Structure formats: structure tokens, C-alpha cells
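Chains as they are written, first to last, in this note's numbering: chain W, 10 to 165; chain F, 10 to 165. No residue lacks a Cβ here, since even glycine has one placed at the ideal position from N, Cα and C. The structure presented is a predicted model; accordingly, all values stated were derived computationally and were not measured. So the structure is just underneath, and the comments pick up after that.
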DNA sequence: TTCCGTGCAAACAATTTGCAATAGA
DNA sequence: TCTATTGCAAATTGTTTGCACGGAA
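Shown next as C-alpha cells:
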């Protein structure tokens with residue numbers, strides 16, 4: 010029953026004093042429909058299926074609003090546009106440079122790293138707002154470039 | 010004797026069949042003068058001190074060239090423009106969201122993380138091309154937000 | 001009715017590109 | 001000379017903003 014999340018978000022908007030519009034509902038819906046992380050452009054495509062009129066600026070303004078409410082998040086992915094998603098649990102993003110796949114990693118799985126960096130450098134990394142880029146198993150293991158994934162690699 | 014690096018880079022350009030121009034020398038010099046990581050805009054400021062005529066496009070083209078030669082690198086830092094630097098050893102960048110400080114971390118110090126992610130997700134992170142954002146010791150330890158840096162924190 | 005949300009088009013920042021003039025080898 | 005490099009200005013991409021109109025409350 011994923012529509013729960015739509016209502017949750019709508020409720021949050023209402024609670025904050027915001028107005029509930031067709032556009033906003035459609036945008037939240039698009040965000041919920043795919044657990045995916047998507048660019049504003051991709052969101053627009055999804056929204057336009059049922060609501061062709063919605064302007065890009067409106068989508069930007071809506072995801073920004075969701076972020077202010079603490080229920081929307083965006084991740085930076087190097088070169089390209091930001092990816093947006095709704096989520097209850099903080100997580101880190103691994104983005105494959107080859108195929109674009111996004112892998113979510115639970116936040117606490119990176120605790121050892123976080124602790125290590127904190128001790129050695131005093132630096133406290135922000136684990137959810139920025140992505141780590143690299144190669145997913147498929148792209149790394151089957152890369153024609155020759156170099157295998159390293160020890161433990163070659164999953165095929 | 011940091012000028013060594015300038016000659017090294019110049020030599021690499023020459024070896025690749027590129028021509029040595031005043032502009033390129035000035036840009037490499039600006040890159041070497043500060044071990045720092047700097048944006049194209051900042052590089053331009055440095056270059057313009059002695060060579061006011063150099064065009065931004067030229068700087069973009071030159072750092073791109075250096076990257077192609079494997080002696081220049083750029084790091085993505087979320088919102089802002091890319092940071093460029095010359096370096097012999099691969100390293101990871103920690104960029105402070107508050108003060109902008111860049112901390113270099115030797116690549117192998119992240120090996121445990123890399124291995125862990127590789128095993129648990131099959132994902133092989135690219136450790137030098139993208140930065141990790143967070144808070145440096147100063148900004149985290151003295152943050153008025155209340156939450157201290159955690160165990161081992163409070164370096165003062 | 002009273003503002004908030006929206007469309008539109010222009011502004012923006014970072015970066016890239018086409019083309020003619022210029023300067024390195 | 002001959003072609004790579006540069007300057008310039010315009011194009012691109014992702015995103016933000018000002019303003020007047022229309023719709024939520």
C-alpha cells in the first residue's frame with residue numbers, strides 16, 4: 010500500500026501550512042511510485058503521463074519543499090543532475106558510473122568507515138547527501154577493459 | 010623546489026604532441042603553486058595576476074588536457090564547481106561543507122571500506138574522482154547545534 | 001476574499017563548442 | 001609553413017527567480 014506515503018507527504022505539506030494542489034499530489038505520487046532515485050527531468054516524464062501541463066519549475070519547487078519538510082532528499086551524482094527520492098531511513102548511495110544503477114546502502118554499514126575517518130582526521134562525513142561513484146558488480150566484472158574487479162571479483 | 014612539477018607537466022604535454030604555450034605554462038604554474046584544490050575560477054584569478062589575457066575557455070581546455078594526460082584530476086563537490094589539482098598519488102577528498110576545507114586521505118586508508126562494499130554489494134567505489142562531504146574537526150567540534158563529534162571528538 | 005502556487009520566460013552558473021585569427025614547432 | 005591553440009561569443013545544461021494570473025482555504 011504505497012499510497013500511504015503519498016498521504017503522509019501530503020499531510021506534511023498541509024501541516025506546514027502549504028496548500029494541496031493537483032500538481033503537488035502528482036509529483037509526490039511520481040516520487041512514491043518508483044522507490045527509485047530520479048532526476049527532475051525523469052520525474053517530469055512520469056508526472057506528464059497524467060498531468061501534461063505541469064511545469065518543470067513547479068517540480069523543482071515541490072521537491073525543494075519536500076526537502077524543507079524533511080521528507081524529500083536529493084543526492085549529487087557528480088556530473089549529472091541531482092537525484093531525488095523520498096525516504097524514511099538515512100542511507101548512502103552508490104551510483105554506477107557505467108549503467109547508472111543506484112544501490113542503497115544502510116547508513117550504519119558505513120559506521121566503521123565513519124569512525125575510522127573521525128579518529129584519523131577528525132572529519133565527520135555526511136553519508137546521505139552525496140553519492141559514491143564507482144562500478145556495480147555487472148559493469149566491473151564484465152568490463153572488456155581487462156582489469157578484473159580485484160580479489161574476490163569476477164562474480165560470474 | 011615545486012617548479013619541478015611544472016616542468017614535469019610541461020614535459021608530459023610536449024611528449025603527447027601538444028604545444029607549449031605561455032598560457033599553458035601559466036595555468037600549470039597556478040596549479041602547482043598551491044598544492045590546493047581549486048576551481049577553474051580560482052585558477053583564473055591566479056593566472057590573471059601575471060597573464061591577464063588568458064580566457065576561461067583556455068583554462069577549461071588546459072585542465073581537461075592535463076586530465077587526459079593523467080596528471081590532472083578534478084573532484085566533484087556537490088553543489089559547487091569542480092576542484093582541480095595535480096597529484097602523483099591517488100587520494101580521496103573530504104570536503105567540509107561548512108568551511109570548504111579539503112582534506113586529502115591516502116587511498117589505501119579506505120581499503121577496508123572498499124573491500125567491505127565490494128563483498129556486501131559487489132560495488133567497486135571510485136575513490137578519487139568524487140569527494141565525500143561532511144564536517145571538519147573544527148566545524149563539527151564547535152558546532153552550536155549541540156551534537157558533539159562523537160567518541161574521540163572534541164579535539165580542543 | 002486572500003494569499004499561495006503556477007506558468008512563463010528570462011536570469012543564472014558552470015561548462016562546452018564553432019570559427020576565425022594567431023602563434024608554436 | 002602548417003596546424004594546434006586561443007579568444008570570443010554563442011550554445012548547453014541544470015536550476016532559480018520575478019511577475020501576473022488562477023485556484024486552494
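Bridge partner(s) assigned by DSSP for residue i
i, result
"residue 133 of chain F", "W:144"
"residue 121 of chain W", "Looking at the DSSP assignment, residue 121 of chain W forms no beta bridge with any residue, so it has no partner."
"residue 46 of chain W", "None, per the DSSP bridge assignment."
"residue 94 of chain W", "W:82"
From the options, residue whose alpha carbon lies closest to that of residue i
i, options, result
"residue 43 of chain F", "F:107, F:96, F:130", "F:96"
"residue 130 of chain F", "W:120, W:126, W:123, W:102", "W:102"
"residue 104 of chain W", "F:66, F:135, F:40, F:17", "F:135"
"residue 83 of chain W", "F:81, F:82, F:87", "F:87"
"residue 128 of chain F", "W:67, W:146, W:46", "W:146"
"residue 75 of chain F", "F:60, F:19, F:142", "F:19"
"residue 144 of chain F", "F:110, F:39, F:23", "F:110"
"residue 71 of chain W", "W:14, W:13, W:22", "W:22"
"residue 78 of chain W", "W:26, W:46, W:90", "W:26"
"residue 17 of chain W", "W:89, W:31, W:28, W:37", "W:37"
"residue 32 of chain F", "F:45, F:67, F:12, F:46", "F:67"
"residue 107 of chain F", "F:92, F:148, F:60", "F:148"
"residue 81 of chain W", "W:28, W:114, W:98", "W:98"
"residue 14 of chain W", "W:141, W:39, W:30", "W:39"
"residue 114 of chain F", "F:126, F:91, F:142, F:89", "F:142"
"residue 60 of chain W", "W:30, W:137, W:12, W:92", "W:30"
"residue 46 of chain W", "W:85, W:92, W:28", "W:92"
"residue 137 of chain F", "F:85, F:28, F:69", "F:85"
Residue i - containing alpha helix (DSSP H), residue span
i, result
"residue 52 of chain W", "49 to 59"
"residue 36 of chain F", "31 to 42"
"residue 72 of chain W", "65 to 77"
"residue 14 of chain W", "12 to 24"
Presumed contact (8 Å Cβ cut-off) between residue i and residue j, rounded CB distance
i, j, result
"residue 65 of chain W", "residue 41 of chain W", "That belief does not hold up - the Cβ atoms of residue 65 of chain W and residue 41 of chain W are roughly 20 Å apart, past 8 Å."
"residue 100 of chain W", "residue 116 of chain W", "5 Å"
"residue 112 of chain F", "residue 132 of chain W", "6 Å"
"residue 63 of chain W", "residue 35 of chain W", "7 Å"
Any non-hydrogen atom of the ligand ZN closer than 8 Å to residue i Cβ
i, result
"residue 104 of chain F", "As far as ligands go, the structure on display features none, and thus does not contain the ligand ZN."
Span of the beta strand (DSSP E) around residue i
i, result
"residue 103 of chain W", "100 to 105"
"residue 113 of chain F", "111 to 115"
"residue 84 of chain W", "81 to 84"
**Q.** Cβ pair count under 8 Å reaching 3, the segment 55 to 62 of chain F against the segment 48 to 60 of chain W
**A.** no
(Q) Under 8 Å, with one C-beta from each stretch per pair, do the segment 116 to 129 of chain W and the segment 116 to 130 of chain F reach the 3-pair mark? (A) yes
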